[in-house]
Amino acid sequence: MTDTMGARSAAVSVVLNAAGRAGESPSYLSVRQLDIIANSMFLSPADLCILTLDERLRVVDANSGACHMMGGVPPARIRGNRVTDWFHAEDRKDLAGRLDALVRGSAPRVSIEARLAGPPRVKSAVRIMAFPNEVPGDEVSRVVAVLRPYVSTDTRSRKNQTLVLSEIDMRIIEGIAAGVSTKELSTELYLSKQGVEYHVSSMLKKLDVPNRAALVSKAYVLGILNARHWPPRLVAS
246 MTDTMGARSA
256 AVSVVLNAAG
266 RAGESPSYLS
276 VRQLDIIANS
286 MFLSPADLCI
296 LTLDERLRVV
306 DANSGACHMM
316 GGVPPARIRG
326 NRVTDWFHAE
336 DRKDLAGRLD
346 ALVRGSAPRV
356 SIEARLAGPP
366 RVKSAVRIMA
376 FPNEVPGDEV
386 SRVVAVLRPY
396 VSTDTRSRKN
406 QTLVLSEIDM
416 RIIEGIAAGV
426 STKELSTELY
436 LSKQGVEYHV
446 SSMLKKLDVP
456 NRAALVSKAY
466 VLGILNARHW
476 PPRLVAS
């Protein structure tokens with residue numbers, strides 16, 4: 246399950262990088278454009294949930310992922326309602342305050358955890374990342390909100406798994422994540438092509454993943470790669 250969540254997290258990070266010209270904010274792509282990018286990366290509807298909100302925090306638009314997360318309701322059921330109505334009563338005040346600050350311009354972006362309380366009445370924890378909407382021609386939407394399932398991970402387990410990788414291993418992961426070829430990696434790291442392949446095969450076994458894409462995804466989960474940086478970079482130790 247951790248590997249699956251890691252693959253989703255890495256793919257979603259790429260979509261979020263596409264959403265803004267400077268990190269995570271503001272958004273210069275519409276909900277539909279972000280949805281197309283997500284679909285092209287084979288993300289399921291539950292992986293990327295996007296809402297746009299007006300100045301009163303009412304939902305203007307919602308992608309298929311948001312409808313799925315809200316219990317499979319049609320878009321018409323979501324539009325026009327305050328986004329906070331879909332969250333647990335104990336979390337609404339804090340969420341509304343943070344989003345209001347974003348609308349007023351006193352906060353550049355918002356990142357907060359809250360619990361959904363809509364159908365099917367399961368209080369699922371999600372992370373909400375919201376930033377100003379600056380899509381050309383959209384005068385109604387003020388905020389783009391991205392909702393992702395929030396799952397805590399065992400930091401000790403991540404640290405132990407990271408320790409089995411060498412510095413060369415991690416530099417190879419960084420290169421793979423950035424799309425660097427095996428030949429280029431061998432030149433950069435003073436290894437033969439077979440040497441690079443040996444390190445890759447060894448890492449697949451150590452981290453129990455099936456292929457290079459899954460290896461990169463797990464690197465994000467383990468905190469080896471910085472999910473907020475593009476092109477991918479190792480997290481400074």
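Take 246 as the starting number for the sequence shown in the numbering used here and just add one per residue.
For glycine and all other residues, C-beta sits at the position ideal for the given N, C-alpha and C.
Counterpart residues of residue i in DSSP-defined beta bridges
i       : result
Asp-306 : Thr-297
Leu-479 : Leu-470
Glu-358 : Arg-372
Asn-456 : Looking at the DSSP assignment, Asn-456 forms no beta bridge with any residue, so it has no partner.
Asn-326 : Paired residues: none, contrary to the question.
Pro-377 : Val-388
Opening and closing residue of the beta strand (DSSP E) in which residue i lies
i       : result
Leu-347 : That residue, Leu-347, is in no beta strand (DSSP E); its alpha helix (DSSP H) goes 334 to 349.
Val-425 : No beta strand (DSSP E) holds Val-425; DSSP gives it neither H nor E.
Val-391 : 388 to 394
Alpha-carbon to alpha-carbon, residue j and residue i
i       : j       : result
Gly-350 : Ser-437 : 53 Å
Thr-427 : Gly-468 : 23 Å
Pro-365 : Ala-341 : Its pLDDT being 43, under 50, Pro-365 is placed unreliably by the model, and the measurement read from it follows with that caveat. In a straight line, the C-alpha of Pro-365 is about 22 Å away from that of Ala-341.
Phe-376 : Leu-302 : 13 Å
Tyr-465 : Ser-446 : 18 Å
Ser-462 : Ala-423 : 12 Å
Glu-199 : Ala-459 : Within the shown structure, residues of the chain are numbered from 246 to 482, placing residue 199 beyond reach of any answer.
Val-480 : Ile-413 : 14 Å
Gly-440 : Ser-431 : 8 Å
Ile-323 : Trp-331 : 9 Å
Cys-186 : Met-374 : The question about residue 186 has no answer, for the chain in this structure spans 246 to 482.
Leu-470 : Ile-421 : 11 Å
Leu-361 : Ala-334 : 9 Å
Glu-300 : Ser-309 : 22 Å
Residue range of the alpha helix (DSSP H) that includes residue i
i       : result
Pro-320 : 320 to 323
Met-448 : 438 to 451
Exposure label - residue i; buried when at least 16 CB within 10 Å
i       : result
His-474 : exposed
Ala-359 : buried
Pro-319 : exposed
Arg-478 : exposed
Asn-456 : exposed
Lys-451 : exposed
Asp-336 : buried
Gln-297 : Note on identity: in this sequence residue 297 is Thr, with Gln being the wrong assignment. With 16 or more other Cβ atoms within 10 Å, it is buried.
Asp-453 : exposed
Ala-346 : exposed
Ala-311 : buried
Rounded Cβ spacing between residue i and residue j (contact assumed at less than 8 Å)
i       : j       : result
Val-304 : Gly-325 : 7 Å
Leu-392 : Met-314 : 6 Å
Val-328 : Arg-343 : Wrong, their Cβ atoms sit about 11 Å apart, outside the cutoff.
Asn-378 : Val-389 : 5 Å
Ser-369 : Pro-394 : 7 Å
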